[in-house]
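Contents: one structure, followed by commentary.
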Amino acid sequence: MHRSAAALVLVLALLSPPAQADDPFRDPVAQPFASTSIWNTPLGRGATFQSGDAAETALLRNQNAGGPAGAYAWIGGHAFGIYRQAPDDPERTWTYRGRPPSVPWPHGGAPNGGRFTLRTPPGIAFLGGTDRHAVLIDAEGRYAYELWLGAFDPARKLYSAQYLVRTDLRGSGISATPGATEGVRAFGGSLIGGLVRRAELERGEIRHAIAMAASTSQASPTRIVWPASSTDGGGHNAHTGTIPMGALFAIPPQVDLGRLGLTTPEGRALARAFQEFGGYITDTAARTLVIAYLEEGCTETQINHLQSDKDKILSVLAMVTNNDAAHPGGPGARVAPPPPPLKGE
Numbered sequence: 000m001h002r003s004a005a006a007l008v009l010v011l012a013l014l015s016p017p018a019q020a021d022d023p024f025r026d027p028v029a030q031p032f033a034s035t036s037i038w039n040t041p042l043g044r045g046a047t048f049q050s051g052d053a054a055e056t057a058l059l060r061n062q063n064a065g066g067p068a069g070a071y072a073w074i075g076g077h078a079f080g081i082y083r084q085a086p087d088d089p090e091r092t093w094t095y096r097g098r099p100p101s102v103p104w105p106h107g108g109a110p111n112g113g114r115f116t117l118r119t120p121p122g123i124a125f126l127g128g129t130d131r132h133a134v135l136i137d138a139e140g141r142y143a144y145e146l147w148l149g150a151f152d153p154a155r156k157l158y159s160a161q162y163l164v165r166t167d168l169r170g171s172g173i174s175a176t177p178g179a180t181e182g183v184r185a186f187g188g189s190l191i192g193g194l195v196r197r198a199e200l201e202r203g204e205i206r207h208a209i210a211m212a213a214s215t216s217q218a219s220p221t222r223i224v225w226p227a228s229s230t231d232g233g234g235h236n237a238h239t240g241t242i243p244m245g246a247l248f249a250i251p252p253q254v255d256l257g258r259l260g261l262t263t264p265e266g267r268a269l270a271r272a273f274q275e276f277g278g279y280i281t282d283t284a285a286r287t288l289v290i291a292y293l294e295e296g297c298t299e300t301q302i303n304h305l306q307s308d309k310d311k312i313l314s315v316l317a318m319v320t321n322n323d324a325a326h327p328g329g330p331g332a333r334v335a336p337p338p339p340p341l342k343g344e
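Numbering (numbering that gives the first Met the number 0), first residue to last: 0 to 344.
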């Protein structure tokens, strides 16, 4: 319904500082969602992986799927902006043409269109190519307004979005309603889930799963697997591949990351995240396989380092075949410690 996007053209943002190193709890603004969320659940030791020549895994690794460079591997740098409300931000009027009826909404108005006021930071940029995404987090750090096809009319001081979702940053980050879209991404879940942050790359540690987008020549037009609840256009799309929306790809445990030839600290951090948490197909992109989305605050050096290592990471990704709601990341004990809990969990 709402997406696809030239993955080469992506965004601008502001982000609140990460939690202090001695804080035993996770800040949901810096790393959102419950500890039970797919985004914060390490892989299970009982996860089973496809072989490299199995259909979906071979297709993901094939950058010529759909023709020469039809699924060019890419790092989605500057993916979209994240903005945090401040007490002195002005009240602005917003209009929208759609929001999910199953997600709590405190502002009134119908799911198929409405108007509301919201304290809004100045200078919000709607980026991400044709998707024009942005994320606005409330002052309390509890809810994120995730926006698709956003716009600002400076003459009227009016903001608008074709589709928006008020996402609970202490929730699951995926749709809680089978068959319903409760997020901005094509898979039906949160836009902010699986986003790589600048602070994580600076620390050399990404302790969550990664959001990915398959090329339209790799993605199946209709197949979805948990945690996806939907796909582009409800299955009415031009996808030509076999990879289901929601598929989990990861680096199998027997792969020695030290022998991959990774040359940058950022590449090593991303590879570890794929081996410990994996990455979920959450969206699609034209002629582009997005291996990871990075927040706008990431530096060009960080982005370029990941670009230089991305092919080596892609070469060992394999689809997990027993990921489901009963066994997120596969069954068994976890392969790595989870991130810290949210306060109050």
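Every residue, glycine too, gets a C-beta built ideally from N, C-alpha and C.
Under the three-pair Cβ rule at 8 Å, the region 316-324 counts as touching the region 249-265. Comparing alpha-carbon positions, the option among Glu299, Gln161, Gly43 lying closest to Arg131 turns out to be Gln161.
Remark: C-beta atoms of Ala210 and Tyr158 do not approach each other more closely than 8 Å. Straight across, the Cα-Cα distance linking His326 with Gly65 is about 33 Å. For Phe186, there is no enclosing alpha helix (DSSP H), as DSSP marks it with neither H nor E. Glu90 counts as exposed, since fewer than 16 other C-beta atoms from the protein chains shown sit within 10 angstroms of its C-beta. Spatial neighbours of Phe273 in its own chain (CB-CB distance under 8 Å, excluding positions within 5 residues in sequence) are listed in chain order as Ile209, Phe248, Ala249, Ile250, Ile312, Leu316. Phe273 sits in a helix when the DSSP states are folded into three classes. Rounded to the nearest whole angstrom, the C-alpha separation of Gln49 and Ile123 is 42 Å. Secondary-structure assignment with DSSP links Phe248 through a beta bridge to Gly278, Met318. With a cutoff of 8 Å on beta-carbon distance, Gln84 and Arg114 are scored as not near each other. If you check the CB distance, Leu148 and Ala133 do not come in under 8 Å. Using a 10 angstroms sphere on the CB of Asn303, the tally of other CB atoms stays under 16, which defines it as exposed. In the three-state reduction of the DSSP assignment, Gly232 falls in the helix class, which pools H, G and I. Phe79 has its alpha-carbon roughly 20 Å from the corresponding atom of Thr180. Boundaries for Asp308: no beta strand (DSSP E) harbours it, while the alpha helix (DSSP H) harbouring it runs 299-313, taken from the DSSP string. The DSSP-derived three-state label of Asp130 is helix. Thr283 places its beta carbon 8 Å or farther from that of Ala332.
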